[in-house]
Amino acid sequence: MSFPLFKNISALVNVTSQKIIFSSSSFKMPKTKLSSAKREINSSADSKSPGSESANGESVQKLRVFVRKKRTKKTVQTTVEEVKPEILDQKPCSLPEIEDFGYGKDSSFPRLTKTPDNWEKVLEGIRKMRSSEDAPVDSMGCEKAGTSLPPKERRFAVLVSSLLSSQTKDHVTHGAIQRLLQNNLLTAEAIDKADEGEIKELIYPVGFYTRKASNMKKIAKICLSKYDGDIPSTLEELLQLPGIGPKMAHLVMNVGWNNVQGICVDTHVHRICLYRLLINDPLALSRTSTPEETREALQLWLPKEEWVPINPLLVGFGQTVCTPLRPRCGICTVSGFCPSAFKESPSPSSKTK
DNA sequence: CTCCTGCGAA
DNA sequence: TTCGCTGGAG
Numbered sequence: 000m001s002f003p004l005f006k007n008i009s010a011l012v013n014v015t016s017q018k019i020i021f022s023s024s025s026f027k028m029p030k031t032k033l034s035s036a037k038r039e040i041n042s043s044a045d046s047k048s049p050g051s052e053s054a055n056g057e058s059v060q061k062l063r064v065f066v067r068k069k070r071t072k073k074t075v076q077t078t079v080e081e082v083k084p085e086i087l088d089q090k091p092c093s094l095p096e097i098e099d100f101g102y103g104k105d106s107s108f109p110r111l112t113k114t115p116d117n118w119e120k121v122l123e124g125i126r127k128m129r130s131s132e133d134a135p136v137d138s139m140g141c142e143k144a145g146t147s148l149p150p151k152e153r154r155f156a157v158l159v160s161s162l163l164s165s166q167t168k169d170h171v172t173h174g175a176i177q178r179l180l181q182n183n184l185l186t187a188e189a190i191d192k193a194d195e196g197e198i199k200e201l202i203y204p205v206g207f208y209t210r211k212a213s214n215m216k217k218i219a220k221i222c223l224s225k226y227d228g229d230i231p232s233t234l235e236e237l238l239q240l241p242g243i244g245p246k247m248a249h250l251v252m253n254v255g256w257n258n259v260q261g262i263c264v265d266t267h268v269h270r271i272c273l274y275r276l277l278i279n280d281p282l283a284l285s286r287t288s289t290p291e292e293t294r295e296a297l298q299l300w301l302p303k304e305e306w307v308p309i310n311p312l313l314v315g316f317g318q319t320v321c322t323p324l325r326p327r328c329g330i331c332t333v334s335g336f337c338p339s340a341f342k343e344s345p346s347p348s349s350k351t352k
């Protein structure tokens, strides 16, 4: 009956449990471990060796859960603070006339009744910058999805591409679409018949691939039963599909059907229009403003022939120049019109070169 | 508002 | 290590 023995046992138990939960206290490199484990699983799945696959899969599951807990505990709501309308205090640049526009009378959101000054110069300047820059959206945007396909397949490709593209880098989306194409999984019939797990593997690593895979199955089934394998042709019906929100619905209407029902407002368009360029309206910086409200405000004054081109224009501009983090105001030729130019980059002293 | 996913840039 | 990615749903 020795005390040291008990101590040793206790230590042993500790070590074992730490191994099981992947060493809770000194958990250092979750992502690298997770990535390599994931790659291992992928390669073993390719070589068809189901022996160690389940064990690795379990480990990855545990790892993922743990990483998620760890991350959400530390970095909670640090996500959408990009806005920070300090512009309100900075400089009221030429306040446009504001009045209740007659619709949305209950809403306190002010509407522009006057076309913003200089919007044509701003757009022209952006267009010039975009002609020399090469943004990801130009080569891999979902507008380009399946351009060589028959109309019906092309529309379906646009829909799937839009679905996959949310919160995912363009080249990742593009790769997933290519993989689906190679496996002939870009029609409603094929996806409806295909296994959901197989779809999931093909579209990995797009964001939220589990949910998107199940959404794709549901969408394929709906398209088959109600639209004869084609995609819905109205905004309302598109919005009924799972995983399709206002942004995607407008995009699909514009690109898939060539039927302009509204402006496709995504985060880039929202940010650039509302907080930086074009609208320049301090009152419009209300926190209640959403992309949908931005869309309505834009549609009030922007000529309709600009509704479609403004999306790729501003998206590419937002990807290359007017980025959410560290916007490159130095190379922006329209920074003179921008109320927030050189404001968000707190590093003016670092470049004495 | 919160969650869902992994990954690359800085 | 942190943050954003052409978002959507509960």
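Residue numbers (numbering that gives the first Met the number 0): 0 to 352. We put the beta carbon where it would ideally sit given N, CA and C, even for glycine.
The beta carbons of V314 and V136 sit closer together than 8 Å.
The count of Cβ pairs closer than 8 Å, one atom from the segment 230-244 and one from the segment 116-133, stays below three, leaving the stretches out of contact.
Here the alpha carbons of S138 and S147 stand approximately 15 Å from one another. Judged by their CB atoms, A212 and I202 are nearer to each other than the 8 Å cut-off. Comparing alpha-carbon positions, the option among L122, E132, V121, S161 lying closest to G255 turns out to be S161. Counting other Cβ atoms within 10 Å of its Cβ, N183 stays below 16 and is therefore classed as exposed. Leaving aside the five residues that flank C222 on each side, the residues in its chain whose CB is nearer than 7 Å to its CB run, in chain order, A187, G228, D229, I230. Contact between the segment 297-314 and the segment 324-340 is not established, with fewer than three Cβ pairs separated by less than 8 Å. When Cβ pairs closer than 8 Å are counted between the two stretches, the segment 163-179 is seen not to touch the segment 148-155, the count staying below three.
In this structure, DSSP gives R327 a state outside helix and strand, which the three-state scheme calls coil. Relative to I218, the option among K143, L238, L179 whose CA is nearest is L238. In the DSSP assignment, N214 falls within the alpha helix (DSSP H) that extends over 208-226. If you draw a straight line from the Cα of M247 to the Cα of R210, it is about 16 Å long. In the structure shown, F341 adopts coil according to DSSP, grouped into three states.
Counting only residues of its own chain and dropping the five nearest sequence neighbours on each side, L234 has a CB closer than 7 Å to the CB of A248, M252, Q260.
Distances from the CA of T172 to each of D133, R153, K143 were compared; the closest alpha carbon is that of K143. Our two residues, P245 and C331, have alpha carbons roughly 30 Å apart in a direct line. In the DSSP assignment, K151 falls within the unbroken alpha helix (DSSP H) covering 150-164. Nearest in C-alpha terms to P326, of all of W306, E291, R270, is R270. Under the three-state reduction of DSSP output, S147 falls in the coil class, being neither helix nor strand.
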